[in-house]
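Counting along the sequence shown from 1, when you hit position 166 you're at 165 in numbering that gives the first Met the number 0, and nothing is skipped either side. A quick write-up on the structure given underneath.
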Amino acid sequence: MRWRGKKMSWGLALAAAMVALAGCAALQEMQDALLNVKRLQFKLDGVVPGTLAGVSLAKINDPASLSLQDGIKLTSAFAQKALPLAFTLNVAAKNPNDGSGGSPQKAAVLSALAWTLKIDEKETINGDISSPIEIPGTGQATVIPLQMSLDLYQFFGERGYKDILNLAFTIAGKEGSTARITLAATPTVTVAGLPLKYPGAINIVDKEFTNP
0 MRWRGKKMSW GLALAAAMVA LAGCAALQEM QDALLNVKRL QFKLDGVVPG TLAGVSLAKI
60 NDPASLSLQD GIKLTSAFAQ KALPLAFTLN VAAKNPNDGS GGSPQKAAVL SALAWTLKID
120 EKETINGDIS SPIEIPGTGQ ATVIPLQMSL DLYQFFGERG YKDILNLAFT IAGKEGSTAR
180 ITLAATPTVT VAGLPLKYPG AINIVDKEFT NP
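Next comes the structure, spelled out in structure tokens:
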């Protein structure tokens with residue numbers, strides 16, 4: 000009976016050790032994931048030209064290039080206090096965990112990227128990615144396309160028709176840019192079924208990569 004008791008004690012000790020090791024492994028995995036989040040880098044990577052009140056801006060540089068028909072359509076939309084702008088904003092995400100410097104190469108799975116779109120520092124719409132995105136640990140940028148749709152009149156109606164049109168072409172016209180855009184975003188990665196959300200938002204701009 001004593002031997003059997005010893006066997007049971009050893010078994011319990013072994014089980015406890017395995018649980019402890021599993022806990023340590025999970026803790027280490029969580030710590031690695033947090034490190035991955037902190038090392039992820041983001042940058043605005045351009046705009047795909049879009050539409051304004053149903054008028055394609057893809058081949059137009061400025062309001063002066065509008066056709067008569069499109070001009071009438073836009074002035075009519077403005078008179079109705081609605082100038083919906085739709086475009087694609089590309090965000091470049093870079094994972095520098097490429098195995099250099101003695102650290103293991105590791106991909107980062109971005110499970111959420113809650114964002115708020117700022118234009119001329121003014122908060123407009125918000126959203127998130129529709130599905131998880133894997134950012135390989137290669138140091139190369141992965142482009143994340145975000146679909147944007149907002150009513151410029153709602154946010155900038157007081158500026159007047161001409162200024163709103165210039166803003167739309169500056170952002171989503173043929174030669175549109177992200178110079179007047181900031182994306183306030185909060186990255187989240189998922190590890191062992193648990194979401195690890197960065198505690199605060201970061202401002203993603205087009206001038207340089209930004210770390211969480």
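Ideal Cβ placement from N, Cα and C applies to all residues, glycine included. The structure displayed is predicted, hence computed values, not measured ones.
The alpha carbon of Asp61 has as its nearest neighbour, out of Val47, Lys161, Glu207, Gly136, the alpha carbon of Lys161.
Collapsing the DSSP output to three states places Leu56 in coil. By the neighbour-count definition (other C-beta atoms within 10 Å, threshold 16), Gln40 is a buried residue.
The bridge partners DSSP lists for Thr189 are Pro194. Annotation for Asp162: the continuous alpha helix (DSSP H) segment containing it runs 160 to 171. Fully enclosed beta strand (DSSP E) runs of no fewer than 3 residues are not present anywhere in the region 59 to 90.
Annotation for Leu112: the continuous beta strand (DSSP E) segment containing it runs 107 to 118. Looking only at Ala184, Val188, Asn202, Ile143, the smallest Cα-Cα distance to Val47 is reached by Ile143. Secondary structure at Leu151: helix, using DSSP grouped into helix, strand and coil. DSSP places Asn202 in the uninterrupted beta strand (DSSP E) bounded by 201 to 203. In the structure shown, Glu207 falls within a coil segment according to DSSP collapsed to helix, strand and coil. For Leu145 against Leu88, the beta-carbon gap comes to about 5 Å, under 8 Å, which counts as contact. Ranking Ala63, Ser66, Ser130 by CA distance to the CA of Val188 puts Ser130 first. The C-alpha of Phe154 lies about 30 Å from the C-alpha of Leu109. Distance between Ser66 and Gly49, taken at the CA atoms: about 17 Å. By the beta-carbon neighbour count (other beta carbons within 10 angstroms, threshold 16), Pro198 is exposed. A Cβ-Cβ contact shorter than 9 Å links Ala171 with Leu84.
Secondary structure at Gly156: helix, using DSSP grouped into helix, strand and coil.
Non-local C-beta neighbours of Ala178 in its own chain, meaning closer than 8 Å and more than five positions away in sequence, comprise Thr169, Asp205, ordered along the chain. Its chain contains Leu39, Gln40, Phe41, Lys42, Ile134, Gly138, Gln139, Ala140, Thr141, Phe208 as the residues whose beta carbon lies nearer than 8 Å to that of Lys93, once the 5 sequence neighbours on both sides are disregarded; these appear in chain order. Linking Gly126 to Ile203 through their CA atoms gives a straight-line distance of about 15 Å. Bounds of the beta strand (DSSP E) holding Glu122 are 121 to 126.
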